[in-house]
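Each remark here refers to the structure printed beneath this line.
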Amino acid sequence: MGVSMTTVRVLRGNGFDISHLLEEHLERLPDSKIIEKAKIEGRVIVTFDLDFGDLLALSKDSLPSVILIRLANETPRSVTPKVLSVLLNHKDDLSSGSIITLTENRIRVRKLPIF
């Protein structure tokens, strides 16, 4: 959600199977349905929207994982390398269920489910 198509193209170029809601004409899909879709398709949600972390924490589910981007600079030049780094370096966390928060100075991993 809110992630640039430039970032999507770079991630695809690095071998990731990325789907953007805009491409599927689903940009108005409610958050709960996005979570359901990601779970069914085995995807990780990459977003700027904090609601996804809250919804997953409240759900007590262990999947899907979410990468929450909390950067002051939200341009693809800033976002893309950080998201790529998380995808490459936190595969186990993402496959087992986590909320990963990206900030300027750190990466925070919270395992799901959160009780």
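If you want our numbering, it's the 1-based position in the sequence shown plus 407.
Just so it is clear, CB atoms sit at the ideal spot from N, CA and C, and this is done for glycine as well.
None of these values were measured; they are calculated from a predicted model.
(request) Along the alpha helix (DSSP H) that carries residue 442, what are the first and last residues, could you check? (result) If you number the sequence shown from 1, residue 442 lands on position 35. From DSSP, the alpha helix (DSSP H) with residue 442 extends over 438-448.
(request) Locate the beta strand (DSSP E) running through residue 357, then write down its first and last residues. (result) Limits of the chain in this structure are 408 at one end and 522 at the other, which puts residue 357 out of reach.
(request) Return yes when the C-beta of residue 444 is under 7 Å from any heavy atom of the ligand COA, and no when it is not. (result) Among the components modelled here there is no ligand, and therefore nothing to report on the ligand COA.
(request) Would you decide whether residue 520 is buried or exposed? Buried here means 16 or more other CB atoms lie within 10 Å of its CB. (result) As a position in the sequence shown, residue 520 is number 113, starting the count at 1. When all chains shown are included, residue 520 counts as exposed.
(request) State whether the stretch 433-442 contacts the stretch 450-470, with contact taken as three or more CB pairs (one from each stretch) at a distance under 8 Å. (result) yes
(request) Assign residue 504 to one of two classes, buried (16 or more other C-beta atoms within 10 Å of its C-beta) or exposed (fewer than that). (result) Working through the sequence shown from its first residue, we reach residue 504 at position 97. Flag for residue 504 reads buried.
(request) Find out if the Cβ-Cβ distance for the pair residue 415, residue 427 is shorter than 8 Å. (result) Locating residue 415 in the sequence shown gives position 8, where the first residue counts as 1. Locating residue 427 in the sequence shown gives position 20, where the first residue counts as 1. Against a cut-off of 8 Å, the Cβ pair of residue 427 and residue 415 comes out as a contact.
(request) Would you identify the three-state DSSP class for residue 516, choosing helix, strand or coil? (result) For this step, residue 516 is matched to residue 109 along the sequence shown. DSSP places residue 516 in strand when its eight states are reduced to three.
(message) Let's test the definition: count the other Cβ atoms within 10 Å of the Cβ of residue 487 and tell me whether it reaches 16, buried, or not, exposed.
(response) For this step, residue 487 is matched to residue 80 along the sequence shown. The residue in question, residue 487, is buried, as its Cβ has 16 or more Cβ neighbours within 10 Å.
(message) Can you give me the C-alpha to C-alpha distance between residue 411 and residue 522, rounded to a whole angstrom?
(response) By one-based count along the sequence shown, residue 411 stands at place 4. By one-based count along the sequence shown, residue 522 stands at place 115. One C-alpha to the other measures close to 33 Å.
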